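Quick mapping for you: the protein sequence lines, in order, are chains L and P. If you read the first sequence in UniProt numbering, its first letter stands for residue 1, the second for the next number, and so on. If you read the second sequence in UniProt numbering, its first letter stands for residue 1, the second for the next number, and so on. All residues carry an ideal CB built from backbone N, CA and C; glycine is no exception. Just so we're clear, the structure is a prediction, and the values are computed from it rather than from any experiment. Below is one structure, written out as structure tokens; the observations come after it.
There are 2 protein chains.
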Amino acid sequence: MATMTAAQRREQARVAYDAFLRDCPTNQLLARLSDKWVSLVVAALAAHDGPMRYSDLGRRIAGVSQKMLTQTLRALERDGIVGRTVTPSVPVRVDYELTELGRSLSGLLVAVKEWAEAHMDEVAVARDRYDQETAAV
Amino acid sequence: MATMTAAQRREQARVAYDAFLRDCPTNQLLARLSDKWVSLVVAALAAHDGPMRYSDLGRRIAGVSQKMLTQTLRALERDGIVGRTVTPSVPVRVDYELTELGRSLSGLLVAVKEWAEAHMDEVAVARDRYDQETAAV
DNA sequence: CAGTATCCTTCATGATACTG
DNA sequence: CAGTATCATGAAGGATACTG
């Protein structure tokens with residue numbers, strides 16, 4: 001190893017990183033779940049009894065763009081977490097709802113969201129103290 | 001305000017801290033928590049009894065760069081979720097551990113991480129089916 | 001209504017090098 | 001050991017316009 005060139009070390013690092021990704025699909029899944037829009041979409045669907053329409057979700061989740069909403073819903077549909085039902089009326093009607101798999105997840109994500117809501121004050125206090133101490137130095 | 005009932009005050013607090021609302025501080029906090037590195041750092045600290053050193057964390061979390069590890073730890077320290085202890089020896093020793101607040105959160109994030117580990121197979125199957133159906137069209 | 005397509009900007013991340 | 005500093009780049013995300 002001591003005779004490795006920098007290029008060889010870089011190559012080995014790259015391969016090791018790729019291997020890590022390949023052998024650990026769980027990390028990719030965790031990265032998907034660790035997404036603000038995913039949390040909000042799943043929480044919105046969990047909070048609402050029955051299916052929600054595309055525009056309902058857009059209205060409920062203030063600040064989400066059409067692009068991100070569609071993108072997030074597609075990813076969640078692909079992962080089997082939400083179901084999508086198209087009613088070919090005029091105009092078209094599309095409903096989204098959590099699947100069985102999605103419901104097994106939603107409680108966990110909702111808990112994180114509610115933790116954020118419940119502990120916002122404590123975090124704000126901690127930030128103020130940190131900023132004070134940091135500025136003092 | 002003096003005529004507000006406790007229920008009304010709670011309701012107002014709930015609305016004010018609704019994570020679904022844009023520009024709500026809770027929304028920003030949720031975005032912070034919805035971070036792959038945050039999940040992994042908190043999970044690593046939660047899994048390990050007692051404090052962990054910077055290099056321990058770097059080794060445990062494969063694929064994290066120094067920059068992201070430091071950045072994540074600083075943010076978590078600022079938010080009062082992890083504590084940082086410097087021992088001015090030579091060489092310097094720095095230990096990180098979850099605070100009380102951090103422990104109240106860690107269980108939730110660990111649950112999400114374990115959900116990802118437990119349901120990876122189902123998600124993989126769902127993806128295959130989705131890709132099949134999509135390609136068929 | 002429920003998207004798609006495109007452009008464009010900023011921001012997050014990684015690689016690299018340096019330090020008390 | 002535990003960082004900090006700097007740079008480069010790709011990708012995330014928003015704005016806008018269009019469509020079946």
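Interface residues of chain L facing residue i [CB-CB closer than 8 Å]
i	result
P/Arg78	Ala126, Arg127, Tyr130, Asp131
P/Arg22	Ala62, Gly63
residue 138 of chain P	The structure shown does not extend to residue 138 of chain P, since chain P is modelled only from 1 through 137, so no value can be given for it.
Three-state class that DSSP yields for residue i in the structure shown
i	result
P/Gly63	coil
residue 190 of chain P	Any question about residue 190 of chain P goes unanswered here, given that chain P covers just 1 to 137.
P/Arg22	coil
residue 178 of chain L	Residue 178 of chain L lies beyond the range of chain L shown here (1 to 137); nothing can be said about it.
L/Gly80	coil
P/Val86	strand
P/Val94	strand
Any chain P beta carbon closer than 8 Å to residue i
i	result
L/Thr70	no
L/Thr85	no
L/Asp35	yes
L/His48	no
L/Ser39	yes
L/Ala135	no
Neighbour flag for residue i against chain L, beta carbons, 8 Å
i	result
P/Glu122	yes
P/Leu29	yes
P/Leu101	yes
P/Ala19	yes
residue 144 of chain P	Coverage of chain P is limited to positions 1 through 137, which leaves residue 144 of chain P absent and any answer about it impossible.
Close beta carbons around residue i, own chain, < 7 Å, minus the five adjacent residues each side
i	result
L/Val86	Val92, Val94
L/Leu101	Gly80, Ile81
L/Leu57	Val41, Ala44, Leu69, Tyr96
P/Lys113	Ser39, Ala43
Within chain P, partners of residue i - CB distance below 8 Å
i	result
L/Leu108	Leu108, Ala111, Val112, Trp115
Within chain L, partners of residue i - CB distance below 7 Å
i	result
P/Leu105	Trp115
Listed by chain order, chain P residues near residue i by CB distance under 9 Å
i	result
L/Pro51	In chain order: nothing, as chain P lies at least about 18 Å away.
Spatial neighbours of residue i in its chain, beta-carbon cut-off 8 Å, leaving aside the 5 residues before and after
i	result
L/Arg103	Ala46
P/Asp49	none
L/Ser106	Val42, Ala43, Leu45, Ala46, Leu98
L/Val38	Arg32, Thr72, Ala75, Leu76, Leu109
P/Tyr17	Cys24, Pro25, Thr26
Contacts around residue i, its chain only, beta-carbon distance under 6 Å, and the 5 residues preceding and following it disregarded
i	result
L/Thr134	none
P/Gly83	Glu97, Thr99
Open item on the list: I'd like to know if the stretch 23 to 34 of chain L and the stretch 52 to 71 of chain L are in contact, where contact means that at least 3 CB-CB pairs between them fall below 8 Å.
Closed with: no
Open item on the list: Taking contact to mean 3 or more Cβ pairs, one atom from each stretch, closer than 8 Å, check whether the stretch 33 to 44 of chain P and the stretch 125 to 136 of chain L are in contact.
Closed with: no
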